[in-house]
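Visitor: Let me give you the structure first, and then I'll get to my questions.
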Amino acid sequence: MTQVVTPETITKKGFSMKMMKRLIGLTSLLLIILLFLLPIVRLFVMSFKHNDQFSLINYTIILAEASTWSMLQNTLIVVVGSTLFALLLGVGTAWVMAYTDIRWKKVIQIFIIIPFVIPSYIVTIAWSQFANSIDVIDIHLNSHLGIIFVLGISHYPLVYLFTVTVLKRIPKELEWAVRSSGGSSWVAFKRVTIPLALPGIVGGGMIVFLSNLDNFGIPAILGIPANITVLSTAIYQEVIGFGPNAFARAATLSVLLALVAFVGTGLQWFLLRKSKLSETASIDESPRYILGKRRKWLEIPLWIFLLGISIVPLLSMVKTSLIRAYGLDFIRENITLKHYQYVLFEYDKVLQSMGTSLKLALITTFICAVFGTMIAYIRSRKNSSIMRFVEVIVGLPYALPGMVMALSMIFAWMQPIPGWNPGLYGTAWILLIAYITRFMILQVRGSMTAISQVSIDLEEAAHLFGASTFVKWKTILLPLLLSGIVSGAFLVLLTTLTELTVSSLLWSSGTETIGIVIYNFEQAGYTTHSSALSVVILGLMLLLALIVYGIQYWWKRRLSKG
């Protein structure tokens, strides 16, 4: 019997499909709010609870303690100091790379980025070994200046990356106009270059400020032994101390830490409110200062600087991993591989932590790649207020300091519903949820960049020829977006694999991660073991980078061949 299709039937089916889409959209929005926003709200509420009652007593007690103001002072000293140091190094290297005709720029850029790619706690261990190996000069990294130095070295590549592109977009005609009217190069730099480069400089500086504020490994390894407590380490000490009202006190300190982050973000908006530089301005790769034969006088100190901060400390760490006992001379009789044997084959926590970190990193990367790309696609193609709201919510956990995010995970998942404990706290599940929540925005940003480069005309043409959504993604979007998606996924993978800050509050026996094992080795005084494991992890990171590069190279060649 043939079914008669009437306009009413078509209308009902269309209405049902529309309702189904709305239901899926509403469910997705509620899930995003549950995962990304609710934990932060619960943390804020917890800061006002004292003995199961709501009050301001936590803030009153903590703000009345002299130690709190000392922590705030230490935090501002190391964060502001390291940000200024990173700005000096980042803007300087960006100007040299964008404006001069020095050679080997692609190789130099790799060396500039190395300190940022390597986990900061490994950088700290490397610099500690290097400082202790110098007999001529007594270097104290366990100090405010030491923390400022290592934080600045670790994060100055961020300033470089933000600034170098902006500098290349500045029209050279504006600078030439100043010089042709009698102004010196310094006047052109002060009146044209700096004002127009301000968005990149301030943007990079703000990211560095938040990264320094968020960092736990560097102030923990260098600061705790010297009794230099910052807010991130204070929150950690409160939670692991399990004292009276420990979680409430930690929540209050977390709110204070978040306030410092928001103040920094507000300062960025204030500085950039009148700054304008067209994003559509073309990038000019040509040098603006031709040094000719004189460039060697710039290249030599630049290479000394880059090798000194990128390679020499790592070599010192490798040396430490090869000596029989810490402090012995590096001679043939004292060289051994027993520390590598111990961490790889004898101490079962290492392989267990590597397995845990790798599993969590791969699962996090897959979930972020799928759902992060979906969010990025909808956000790019449907610029609605709801999607802008979703983007802000998804980015909030990454914008907040890691300690704040970790503590919010505890409050959210230890008892999501009053009276119901799902048993997630203390398991690998809470680490997985925390990683997905914190690093989803990295994939969203990477995928959005790739999607913005694909014309919507291709999709409209596919629809005209009757292609389904699946066919459209399989034949058009995925081949064009794969390289960008893989780049974002690789960033999520590396960040998750070596994460320490969030893990430091959420791990328990049996769920140790790579960062936790290295940190515990260092805190226990097993410097040779921490150095050996750090070298192994760097080798693993290099292997993963080569695999991802190989995938991208193969895919690009395949696309070019049609």
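Letter 441 of the sequence shown, counting from 1, is numbered 441 in the UniProt record's numbering, and no numbers are missing.
C-beta atoms are modelled at their ideal positions from N, C-alpha and C, and glycine is treated no differently.
Values in this document were obtained by computation on a predicted structure and should not be read as measured data.
Look at the alpha carbon of I221 and the alpha carbon of A461, and state the distance between them as a whole number of angstroms.
Guide: Rounded to whole angstroms, I221 to A461 spans 57 Å at the Cα level.
Visitor: With distances taken Cα to Cα, identify the nearest neighbour of A361 among I441, L494, L253.
Guide: Taking only the C-alpha atoms, the option nearest A361 is L494.
Visitor: Go through its chain and collect everything with a Cβ distance to T475's Cβ below 8 Å, but skip five positions before and after it.
Guide: A462, A467.
Visitor: From this set, T83, V517, A98, which residue's C-alpha is nearest L167's C-alpha?
Guide: Comparing Cα positions, the closest option is A98.
Visitor: Which of the three DSSP states is assigned to F48 in this structure?
Guide: DSSP places F48 in coil when its eight states are reduced to three.
Visitor: Who are the near neighbours of I148 in its chain, counting only those whose CB is closer than 8 Å to its CB and skipping five residues on each side?
Guide: Cβ neighbours of I148 beyond the five flanking positions: I77, V78, G81, S82, F85.
Visitor: Roughly how many whole angstroms lie between the Cα atoms of L497 and A369?
Guide: Those two C-alpha atoms are separated by around 15 Å.
Visitor: In whole angstroms, what separates the C-alpha of L559 from that of Q453?
Guide: Looking at the two C-alpha atoms, the distance is approximately 16 Å.
Visitor: On the criterion of 16 or more Cβ atoms from any shown chain inside 10 Å, does H140 qualify as buried, or is it exposed?
Guide: So H140 counts as exposed.
Visitor: With C-beta atoms as the reference, is L506 less than 8 Å away from A406?
Guide: Contact: yes.
Visitor: Can you check the segment 123–187 for any alpha helix (DSSP H) of at least 4 residues that lies completely inside it and give the ranges in chain order?
Guide: Here the runs fully enclosed are 144–169, 172–180.
Visitor: Below 8 Å CB to CB, which residues in the same chain sit around K472 once its five sequence neighbours on both sides are set aside?
Guide: Only E459, A462, H463 meet the Cβ criterion.
Visitor: With 8 Å set as the bound, which would you pick, yes or no: does the beta-carbon of L546 sit closer than that to a beta-carbon of chain D?
Guide: Although the question refers to chain D, the structure presented lacks it and comprises just one protein chain.
Visitor: Considering only the alpha carbon of each residue, which of D457, I441, T124 lies closest to L396?
Guide: Nearest option by C-alpha distance: I441.
Visitor: Whose C-beta lies closer than 6 Å to the C-beta of T280 among residues of the same chain, with five residues either side of it excluded?
Guide: Residue placement at T280 cannot be trusted, given a pLDDT of 49 that sits under 50; the coordinates are not used to answer.
Visitor: DSSP three-state label for T193, please.
Guide: Reduced to three states, the DSSP call for T193 is helix.
Visitor: For W176, does the count of other Cβ atoms within 10 angstroms reach 16, so buried, or fall short, so exposed?
Guide: When all chains shown are included, W176 counts as exposed.
Visitor: Quick one, are the C-beta atoms of L151 and I218 less than 8 Å apart?
Guide: Yes, they are a contact pair.
Visitor: Roughly how many whole angstroms lie between the Cα atoms of S509 and L500?
Guide: One C-alpha to the other measures close to 15 Å.
Visitor: So for V260, helix, strand or coil by DSSP?
Guide: Three-state result, V260: helix.
Visitor: What separation, rounded to the nearest whole angstrom, lies between the Cα atoms of T356 and T513?
Guide: In a straight line, the C-alpha of T356 is about 6 Å away from that of T513.
Visitor: Considering Y519, what are the terminal residues of the alpha helix (DSSP H) in which it resides?
Guide: 514–523 is the span of the alpha helix (DSSP H), which, as asked, contains Y519.
Visitor: Specify the secondary structure class of Q552 as computed by DSSP and reduced to three states.
Guide: It is helical.
Visitor: Going by CA-CA distance only, name the one from V492, A248, M317 that's closest to N51.
Guide: Of the candidates V492, A248, M317, the one whose C-alpha sits nearest the C-alpha of N51 is A248.
Visitor: Could you say if the segment 286–297 and the segment 94–108 meet the contact criterion of at least three C-beta pairs nearer than 8 Å?
Guide: Yes, the segment 286–297 touches the segment 94–108.
Visitor: Indicate the three-state DSSP secondary structure (helix, strand or coil) for I331 in the structure shown.
Guide: Coil at I331, not helix or strand.
Visitor: Determine, using beta-carbon pairs with one atom in the segment 523–537 and one in the segment 315–328, whether at least three such pairs fall under 8 Å.
Guide: Output reads yes: the segment 315–328 touches the segment 523–537.
Visitor: Excluding five sequence neighbours on each side, which residues of the same chain lie with their C-beta closer than 6 Å to the C-beta of F111?
Guide: The residues are L306, S310.
Visitor: Closer than 7 Å by C-beta to F36: which residues in its own chain qualify, once you throw out the five before and the five after it? Chain order, please.
Guide: Result list for F36: I393, V394, L396, P397, T437, in chain order.
Visitor: Could you tell me the alpha carbon to alpha carbon distance between G484 and I283, rounded to whole angstroms?
Guide: If I take the Cα positions, the gap works out to 20 Å.
Visitor: Using 10 angstroms around the beta-carbon of W554, count the other beta-carbons present and answer buried if the total reaches 16, otherwise exposed.
Guide: Flag for W554 reads exposed.
Visitor: Buried or exposed: N58, going by 16 or more other Cβ atoms within 10 Å of its Cβ?
Guide: Classification for N58: buried.
Visitor: Would you kindly report the start and end of the unbroken alpha helix (DSSP H) that includes F305?
Guide: Unbroken alpha helix (DSSP H) run through F305: 296–310.
Visitor: Please return the same chain residues whose Cβ sits closer than 6 Å to the Cβ of L314, not counting the five positions on each side in sequence.
Guide: Counting only Cβ-Cβ distances below 6 Å, and skipping sequence neighbours, we find A126.
Visitor: Is there contact between the segment 377–393 and the segment 514–524, where contact requires at least three CB pairs shorter than 8 Å?
Guide: Touching, no.
Visitor: Just to confirm, are G200 and T229 a CB contact at a threshold of 8 Å?
Guide: Against a cut-off of 8 Å, the Cβ pair of T229 and G200 comes out as no contact.
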